[in-house]
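Residue numbers (my numbering): 3 to 64. The structure appears below as structure tokens.
Here it is in structure tokens:
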């Protein structure tokens, strides 16, 4: 089983959560947490034709 992770700026995390990604606590308490969250593809993520989770485009957060 493959687990997918992405660094996502905090301002876009809500878009990724709506797409089925889960915010992890992995960066909590680190200097990286000031800027972004580590998101993990959840079981409800939509998959592309290759079976990989779809990453929402940043334009959808505007």
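All C-beta atoms, glycine included, are put in the ideal place defined by N, C-alpha and C.
In this structure, residue 38 places its C-beta atom within 8 angstroms of the C-beta atom of residue 9.
With 16 or more neighbouring CB atoms inside 10 Å of its own CB, residue 41 falls in the buried class. Within its own chain, the residues whose Cβ lies closer than 6 angstroms to the Cβ of residue 50, once the five positions on either side in sequence are excluded, are 56, listed in chain order. Of the candidates 4, 45, 15, the residue whose Cα lies closest to the Cα of residue 27 is 15.
According to the DSSP secondary-structure assignment, residue 9 is paired through a beta bridge with 40. Nearest to residue 58 by C-alpha distance, out of 20, 35, 3, is 20.
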